[in-house]
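I have placed the structure first, in the form of structure tokens, so that the comments after it can refer back to it.
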């Protein structure tokens, strides 16, 4: 019975995962296996964080990307509309390589934070 409940919960989570474009694929298609996010195909992602309905990622070049729900401006792009694909958060300085180890990102339900 526990396995059945666990299986049902996983199915529910997989179904919800693509809502608000949280997977970063540009559509609402649900996937059941890990899938490459094309926006990062030629980049090295060093951090990812997930909020309730949005995501942030940092590349090894120090750029911060955001995507997903944006009702409260949590993507940091000055708008309040959903972002279907990862896009660079403008207004943040690019960090030198020696600062990357101390740089962190975090998401909550309606906010995002980037800090050193």
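In this note's numbering, the protein residues as written are 7 to 122. For glycine and all other residues, C-beta sits at the position ideal for the given N, C-alpha and C. This one's a predicted model, so the numbers in the text were calculated from it and none came from an experiment.
State the beta-bridge partners of residue i as determined by DSSP.
i	result
residue 71	63, 94
residue 55	62
residue 110	121
How should residue i be labelled, buried or exposed, when 16 other C-beta atoms within 10 angstroms of its C-beta is the threshold for buried?
i	result
residue 61	buried
residue 114	exposed
residue 95	buried
residue 40	exposed
Comparing alpha-carbon positions, which option in the options lies nearest residue i?
i	options	result
residue 1	35, 67, 33, 46	For the chain, the structure presents residues 7 to 122; residue 1 sits outside this window and is missing.
residue 38	46, 64, 45, 29	29
Within the continuous beta strand (DSSP E) that includes residue i, where are the two ends?
i	result
residue 119	118–121
Does the beta carbon of residue i fall short of 8 angstroms from some heavy atom of the ligand MG?
i	result
residue 28	Here there are no bound small molecules, and the ligand MG is not part of this structure.
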